[in-house]
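Protein chains: 2
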Amino acid sequence: MTATTSDEGAAVPVTIRDVARASGVHISTVSRTFSAPHLVNPETRVRVLACAEDLGYRPNRAARALITGRTHNIGLIIADIANPFFPPLIKAAESQARHRDYHVFVADTNEDPTAEEELVHALAKQVDGVLLCSPRMSNSLIEQLSREVPLVVVNRQVTGLPCVLMDVGQGARSAIEHLVGLGHRSIALLGGPRSSWTNREMRRAASAAARAGGAELTVLGPNAPTEVGGSAIAEQVRRSGVSAVLAYNDLMAIGLIEGLDALGVRVPQEVSVVGVDDITLSRLTRPKLTTVATPTGAAGRTAVDMLLQQDIESPRGARGSGAGTALGVRRTTAQVMLQTDLVIRDSTGPGPYARPARPLAAPRGPDPHCPAGPGTPTTATGDAVAS
Amino acid sequence: MTATTSDEGAAVPVTIRDVARASGVHISTVSRTFSAPHLVNPETRVRVLACAEDLGYRPNRAARALITGRTHNIGLIIADIANPFFPPLIKAAESQARHRDYHVFVADTNEDPTAEEELVHALAKQVDGVLLCSPRMSNSLIEQLSREVPLVVVNRQVTGLPCVLMDVGQGARSAIEHLVGLGHRSIALLGGPRSSWTNREMRRAASAAARAGGAELTVLGPNAPTEVGGSAIAEQVRRSGVSAVLAYNDLMAIGLIEGLDALGVRVPQEVSVVGVDDITLSRLTRPKLTTVATPTGAAGRTAVDMLLQQDIESPRGARGSGAGTALGVRRTTAQVMLQTDLVIRDSTGPGPYARPARPLAAPRGPDPHCPAGPGTPTTATGDAVAS
DNA sequence: CGTGGTGCTGCAAAGGTTTGCAATGAAGTA
DNA sequence: TACTTCATTGCAAACCTTTGCAGCACCACG
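Residue numbers (the numbering used here), protein chains in the order written: chain A, 15 to 401; chain B, 15 to 401.
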């Protein structure tokens, strides 16, 4: 029974009916053997299982989904897989989903809002829910799509929808305070895509922090959130005369450093640079990048949890063929904010107003040197998700 | 008709039946309106389309697949999304599939053979075929799985299955010749995973090239194909006394450079390093990496083409409920080999036996400086795929 | 011996779509 | 006028599975 798999090169798909015939029971019994084993006689069960194993039977998930309304699949829509920010999130989501007996299908949109919409439609009937990561489409469109399939949004705040956010505001504040503490008084913020929620949050928080620290903040952008976007603006950064830069993400920061290097501007001696995301790459460039670590893994896990939570209550395509369920009630509006952390490496150094006595160090925050546990939710995850 | 989408927040799925009722025709007519428009009266057609648009009808792909046997989805199984080698491949495959009206679902296996197998099973009934990229499972298992769902293998040679390969053999040869030309006579090859086809090919070709060039080749490994794998072996590289290294991939090469740097060994002054893949990262590290560019985009496109080619001939789950189709005949055994190119940057320099007169340059090959068109198939793609 | 309960199994409908076949009607041809 | 052809549409089976309901046999209890 264990490895009796007969090697009959069966390209012909074997169905539940074949198993039923082979084991001399009705198809419903076979079905129950898999989906409700406690309802079938142990003897019958082993016989059916043996036959199934022997024939190489595998339940057709699509057919099952047609009637149960649950596919046990999750869709994961990503703006750009090539951005190293996402893989950790994807992996975390996949692992979390696997534990819950779900599979994850990833789709890349190439930063194209149209592709995003189309993909949601394509996925709608083949998954139980969709995780929308850093979406580029409008809030209203997202809301509209959320009526077609359960949605959880990551890195974007959409009222009425479950969202997983990272506290980039706090991150930007820490970064600015770090720079101010190093003696920088003229700082540039390299903006990302215009439609990015993260972008707005960073700008808001950075402005406030700069004001509080007596520094001047120049906003440059919007820019493409890539190395190219960063290197392209190097010249402008130099002309602006700032002594420090906070970039929208690590990719831009790295590109900027490249660009400045090409212009003969040295980092961190002449200009300090801070990124956001703490992608693995940021540890490998020279100088190693000072950056705001975002809890991408935790975000992936949390998003999956929220989606499944939301799903469980509403088995779509329920048997009762009527508008019996009150509409709009099942919305889970929980929004989770995850904590970020400043990681200080080699791309930041003393600025023009540095106090010479004090050695360079983090200006505030407990133990800023890459603390072990980023990702602890600020607004209690438990509460929010449970609601 | 264009934007009459009534905003009735319909969470209740609208089916073909609703459209039929609304437009006063039979469901089969509605079905034909979408899947065979030429069979329905133009007037009826516009009426049905209008109703469908109005109700926000979207065909249920799962249900359609149940009867047609074709989902218009492609599965893409990747060993490790976090490896920057893959995103370009994924994007190319997606774009190619989109042109053919197919969607791509990506799944990451975390380099785990078991996960690979499970994913193929999970995907089997939900996609029309699967692209297996750099698989870690055994050839026999792959063959077995290929009876369950059409498969195309990338970066691995499996007899009897369609494969897309990159000519890393040629790449390794070019790299070794480059190093020999620079005056290196003692070279190390940093091996990758043991089960990797690429690994074997490189080793074979590198040995031959070294012998031909009068150099000695030391093989170190196997190693994990990551930065960590590279940096971990730095000490051993130094002890081995070689003046040049060819690494299994760029990630390892970059890790090695890091590791050597930590040991105080300078690249390329003391040791030259060559990678493979030409990931974007290789342009951003310092020194910029000399590497063998692999045509990942072309590989993704070709793989999709081959899969679809193979698919078209065999509409799985055909109507005729018998073993009518001759089994084993439809196998497309085409194997495509894509060309690679050496890209010379800053991580390689003159070795102990360099002839001082000659300035450092590429030893052979036409115009080795990043020619525009890597990815042209060696064995004519057209023929192979068409077979 | 009758009644009720329990454990197991079969029956058939349902889910949303496609598609071969037949029916209809109209137009064209002899 | 009668016959063929064609375009359009309806009918119903089929795809593979799940699940409420009913039937059956068996046991225990009164």
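All residues carry an ideal CB built from backbone N, CA and C; glycine is no exception. Being a predicted model, the structure only gives us computed values, none of them experimental.
If you check the CB distance, proline 98(A) and isoleucine 293(A) come in under 7 Å. In the DSSP assignment, aspartate 291(A) is bridged to Ala307(A).
Proximity of the segment 81–94 of chain B to the segment 292–309 of chain B falls short of the contact definition, fewer than three beta-carbon pairs being nearer than 8 Å. Contact check for alanine 96(B) against proline 101(A) passes: the beta carbons are separated by less than 7 Å. In this structure, DSSP gives aspartate 319(A) a helical state, which the three-state scheme calls helix. Among the residues facing chain A, alanine 50(B) is not included, as its CB has no counterpart in that chain under 7 Å away. By the Cβ neighbour-count rule, proline 51(B) is exposed, with fewer than 16 other Cβ atoms within 10 Å of its own. For glutamate 131(B), the number of other beta carbons within 10 angstroms of its own is at least 16, and it is reported as buried. Between the alpha carbons of leucine 204(B) and leucine 274(B) lies a distance of about 14 Å. Ranked by Cα distance from glutamate 272(B), the options Arg72(A), Thr299(A), Thr354(A) and Ile247(A) are led by Thr299(A). Contacts with chain A at 7 Å (Cβ-Cβ) include aspartate 122(B). Taking each of Val259(B), Val134(B) and Val141(B) in turn and checking the Cα distance to glutamate 157(B), the smallest one comes out for Val134(B).
In the three-state scheme derived from DSSP, where H, G and I count as helix and E and B as strand, serine 286(B) is classed as strand. Contact between alanine 189(A) and leucine 303(A) is absent: CB atoms are separated by about 12 Å, not below the 8 Å threshold.
Separation of the CB atoms of alanine 111(A) and glycine 311(A) is rounded to 13 Å, and the pair is thereby denied contact status at 8 Å. Chain A places a beta carbon closer than 7 Å to that of isoleucine 268(B), counting this residue as a contact. Here aspartate 360(A) carries a coil assignment [DSSP, helix/strand/coil]. Each residue's CA atom was taken as its position, placing glycine 143(A) and proline 164(A) some 5 Å apart. Between the C-alpha atoms of leucine 270(A) and alanine 276(A) there is a straight-line separation of about 10 Å. Residues of the segment 297–324 of chain B that bring their beta carbon within less than 7 Å of a beta carbon in chain A comprise Leu298, Thr299 and Arg300, in sequence order. Contact between cysteine 65(A) and valine 28(A) fails: their C-beta atoms lie close to 10 Å from each other, not under 8 Å. Per DSSP, the beta bridge partners of histidine 117(B) are Asn87(B).
Around the beta carbon of valine 233(A), fewer than 16 other beta carbons lie within 10 angstroms, which makes this residue exposed. Sixteen is the threshold: since fewer than 16 other Cβ atoms of the shown chains lie within 10 Å of the Cβ of aspartate 115(A), the residue is exposed.
Isoleucine 95(A) belongs to the set of residues whose beta carbon lies under 7 Å from a beta carbon in chain B. By the Cβ-count criterion, valine 60(A) is exposed, with fewer than 16 other Cβ atoms from all chains shown falling within 10 Å of its own Cβ.
By the beta-carbon neighbour count (other beta carbons within 10 angstroms, threshold 16), proline 56(B) is exposed. Given a length threshold of 3 residues, each whole run of the beta strand (DSSP E) inside the segment 182–266 of chain A is given here in chain order: 200–204, 230–234 and 258–261. Taking C-beta atoms as the reference points, serine 361(B) and proline 282(B) count as a pair closer than 7 Å. Taking the C-beta atoms as reference points, threonine 212(B) is found nearer than 7 Å to asparagine 169(B). For proline 101(B), a Cβ of chain A is located within less than 7 Å of the residue's own Cβ.
Leucine 352(B) and leucine 179(B) do touch by the CB rule: their CB atoms are close to 7 Å apart, below 8 Å. Assigned with DSSP and collapsed to three states, glycine 143(B) falls in strand. Distance check between valine 172(B) and each of Cys147(B), Val194(B) and Arg187(B) places Cys147(B) closest, using alpha-carbon atoms only.
What isoleucine 104(A) touches in chain B, judged by beta-carbon distance under 8 Å, is Ile95 and Asp122, going in chain order. Put simply, the backbone Cα of alanine 267(A) is about 32 Å away from that of alanine 258(B).
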